[in-house]
Amino acid sequence: MVLERTLQLQVTGNKKLETTAINYKLIKKIKDERFSVDDIEHYSLVLQIGVRDFQTCIIDGRTNQCLLLEDYVLAAAKSNSALIDIIDKVFEEHHLLKVGFWKNVRISIKNNKFCQVPDALFVPEAVVDYLKINATIDLETEKVLYYKGIKCNGNTVFAIDKAIYNFFIEVYPNIDVEFIHQSAALIEGVLENKSNVPDNAVLLYIDRFKLHILTINASGLQYYNQFPIKQFSDYIKYIMLVLKGLGYSQTKSEVVLWGYIGKQSPHYNEFYKYIKNISFGDRPSYLKFSFMFDEIQDHHFFDVYSAYLCD
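Per the numbering used here, the very first residue in the sequence shown carries number 267; after that it's consecutive.
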């Protein structure tokens, strides 16, 4: 289903009528028949926002049952204000997102303005200084936040555009909206799920236009980073770079995949040429899924599900 909205800007004189299309496409929707508007006060709403995509997930906090999942692809936005316009249109057309009495609302931000700081080195008052080491920050337009890890002894410091932050605060004025970073969700997710992955495995999350690489050991998180992807060869380049840097064997190390990749896709077949011990990750065991979710492969949307853990 493609939903399109057009804003028409009237001009005077001999100038032509200008139109700007705000587009978004709902490419996946799964809704459990047990969902009830009468129980919304018991439901957690998870929203994940990126530059070109947007996901919604609703989970019953009493049973940890996943009740709704939606995945949107967004038109290219040249500014954060344009991105907000697109998200605003999604909200306007959605019969649930503007409801104001959720149990809680969690917003996961996908961007490259973040850093991980161990507890032993973390001082809340220094979050801006930490982030400036990794990214260029404009404090006039950006807000710096941090998330204290539950399963790992670290903190995710990240920036969010103030206009985007204010948008969600205004949509949910009576809810204490929680903001996290996608990297924090992935870290919490793999640590919660570590009993279901091989020891010393390399864990990959294949995102749209990005690759996330994690490793964990008995002590917890060992390594995390994300890499921009412009062409398929970038995946192999960064994976080999990390394997070599951490002293992992290309032929013997086990690699677990989550994300936007099919089990029989050409991309998977290319991965298999370079990495023999490769498998797909499972759905998180802390959530329950009805048969309706069987049309989604188990390794998809791991980051969205994991955001539920970030309390």
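Each residue gets a CB set at the ideal place from its N, CA and C atoms; glycine is no exception. If you're wondering where the values come from, they're calculated on a predicted model, not measured in any experiment.
Using only alpha-carbon positions, find the residue among Ala467, Gly455, Val303 that is nearest to His361. Here residue 361 corresponds to residue number 95 of the sequence shown, with the count starting at 1. Of the listed residues, the one whose Cα sits closest to His361 is Val303.
Whole-Å CB distance - Cys332 paired with Leu553, under 8 Å assumed: Looking up residue 332 in the sequence shown gives position 66. Looking up residue 553 in the sequence shown gives position 287. Right, their Cβ atoms sit about 5 Å apart.
First through last residue of the alpha helix (DSSP H) which encompasses Asn346: In the sequence shown, counting from the first residue as 1, residue 346 sits at position 80. Run containing Asn346: 346–359, per the alpha helix (DSSP H) assignment.
With DSSP as the reference, label Glu408 as helix, strand or coil. Here residue 408 corresponds to residue number 142 of the sequence shown, with the count starting at 1. Looking at Glu408 - three-state DSSP - the assignment turns out to be strand.
Beta-ladder partner(s) of Gln492, from DSSP: Locating residue 492 in the sequence shown gives position 226, counting from the first residue. Paired residues: His478.
Gln314: buried (16+ other C-beta within 10 angstroms of its C-beta) or exposed? Sequence index remark: in the sequence shown, residue 314 carries index 48 (1-based). So Gln314 ends up on the buried side.
Helix, strand or coil, according to DSSP, for Leu457 in the structure here? Within the sequence shown, the letter at position 191 stands for residue 457. The answer is helix: DSSP assigns Leu457 an H, G or I state.
Return the chain-ordered list of same chain residues with a C-beta closer than 6 Å to the C-beta of Lys295, the five sequence neighbours on each side being excluded. Here residue 295 refers to the residue found at position 29 of the sequence shown. Excluding positions up to five away in sequence, the list reads Glu336.
Between Gly327, Lys460, Ser374, Leu363, which lies nearest to Gly316 when the distance is taken from Cα to Cα? For this step, residue 316 is matched to residue 50 along the sequence shown. Ranking the options by Cα distance to Gly316, first place goes to Ser374.
Identify whether Asn462 lies in helix, strand or coil by the three-state DSSP scheme. Taking the sequence shown and counting its residues from 1, one reaches residue 462 at position 196. Note: Asn462 maps to helix in three-state DSSP.
How many angstroms separate the CA atom of Val365 from the CA atom of Gly547? Against the sequence shown, residue 365 aligns to sequence position 99. Against the sequence shown, residue 547 aligns to sequence position 281. Going from the Cα of Val365 to the Cα of Gly547 covers about 33 Å.
Mind the definition here: the segment 455–468 touches the segment 506–523 only if three or more C-beta pairs lie below 8 Å; say whether that holds. With the cut-off at 8 Å, the segment 455–468 and the segment 506–523 touch.
For His566, which residues of its own chain have a beta-carbon under 6 Å away from its beta-carbon, when the five flanking residues on both sides are left out? Position 300 of the sequence shown, counting from 1, holds the residue named residue 566. For His566, where only same-chain residues beyond five positions count, there are no Cβ hits under 6 Å.
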